[in-house]
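In the numbering used here, the protein residues as written are 190 to 390. Notes to accompany the following structure.
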């Protein structure tokens, strides 16, 4: 798996190359978390958001499909007693309905063939009127074509399936019938737009 191979180097991207974007993203996500929240994080990677969220919530379940990513996250943040690590696929989450107050899926739906199916999974496991936060990397080109960064990762094996721009990301939710979503754009080397939605189902 590409992400197992990328795990030893991912922190360089998260903490150095794209640090400006990720620091802003952490502040945005932290502002959406309450002390009493039980939080799910899908595609946690090496824990860029896990370490920011865990101190703020009642519990955090950090999941990823990559064993190597999970291993690195666990090594960094195992001191948090409210943090559970689990291998899980966002397309088939192994949780009962309406378990979590907040669900986060950062920088993953652009890798999926069926991103709407993943969002439906997030809706299923999130409580009614709970919060779903979906930050996703954007392409800078207005055409919506893959950026040079995306192409480089594609050639390495990351296999980006969606080439969102900020405007096409907003349209993606609009065309799917989702309403009252807040979008927060973060500019930087690899820009990101965070969608924050209330789970009205």
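Where is the CB? At the ideal position from N, CA and C, for every residue including glycine.
- Inclusion of residue 313 and residue 286 in the CB contact set at 8 Å is warranted, their separation being smaller than that value.
- Your pair residue 232 and residue 306 does not check out as a contact, with CB atoms roughly 15 Å apart and the cut at 8 Å.
- Ranked by how close their Cα comes to the Cα of residue 311, the residues 283, 270 and 327 have 283 in first place.
- Under the three-state reduction of DSSP output, residue 318 falls in the strand class.
- Assigned with DSSP and collapsed to three states, residue 206 falls in helix.
- Assignment of residue 274 by DSSP, reduced to helix, strand and coil, places it in the strand class.
- Proximity to residue 322 across 209, 274, 214 and 206 peaks at 214, based on C-alpha coordinates.
- One thing to note: residue 240 has its Cβ within 8 Å of the Cβ of residue 266.
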